[in-house]
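What follows is one structure encoded as C-alpha cells, with my remarks underneath.
In this note's numbering, the protein residues as written are 1249 to 1339.
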C-alpha cells in the first residue's frame, strides 16, 4: 500500500460524486483497496481515522512484543529441562 495516498481525500471525492473507478485510476490504487478503505473509514472524521491508525500500529507492536516474549519463555523452559552439558551449547 502506498502511504502517500490520502485516503480521506479520496473518500471525500467519492462522496462528492466522482466514480470509484475514476478515482482508482487517478490515484493509482486498486478497486479492492478503494472499497476496503471505504468500508473501514467512510463516515469517519480525520481525527478518528488517525486515532484508529495509531491504535492499529500500537496493537501490531504489542503483538510482536508478545510473540518475542513467548519465544523467550519457550527457550528458557527448554533450557531449564536440559542438563548442564546440553545447556552449554546455547551459550
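Built from N, CA and C at the ideal position, the CB exists for glycine as well.
Just so we're clear, the structure is a prediction, and the values are computed from it rather than from any experiment.
query = Roughly how many angstroms separate the alpha carbons of residue 1249 and residue 1325, rounded to a whole number?
reply = On the chain shown, residue 1249 is found 1 positions in, with the first residue counted as 1. On the chain shown, residue 1325 is found 77 positions in, with the first residue counted as 1. Below a pLDDT of 50, predicted positions are generally treated as unreliable, and residue 1249, at 44, falls in that range; the measurement from the model is reported next regardless. Whole-angstrom Cα-Cα distance: 40 Å.
request  = Could you pull the start and end residues of the alpha helix (DSSP H) that residue 1290 belongs to?
outcome  = Translated into positions along the chain shown, residue 1290 becomes position 42. Note, residue 1290: premise wrong, no alpha helix (DSSP H); not H, not E.
ask   = If you run the structure through DSSP and keep just helix, strand and coil, what is residue 1258?
value = As a working note, residue 1258 is residue 10 in the chain shown. Helix.
query = In whole angstroms, what separates the C-alpha of residue 1289 from that of residue 1297?
reply = For the purposes of this step, residue 1289 is identified with residue 41 of the chain shown, where counting begins at 1. For the purposes of this step, residue 1297 is identified with residue 49 of the chain shown, where counting begins at 1. The alpha-carbon atoms of residue 1289 and residue 1297 are separated by roughly 7 Å.
task = Excluding the 5 residues preceding and the 5 following residue 1271 in the sequence, name in chain order all residues of the same chain whose CB lies nearer than 7 Å to its CB.
result = Mapped onto the chain shown, residue 1271 falls at position 23. Result list for residue 1271: 1258, 1261, 1262 and 1282, in chain order.
request  = Report buried or exposed for residue 1255, applying the criterion of at least 16 other Cβ atoms within 10 angstroms of its Cβ.
outcome  = Here residue 1255 corresponds to residue number 7 of the chain shown, with the count starting at 1. Its Cβ being crowded by 16 or more others within 10 Å, residue 1255 is buried.
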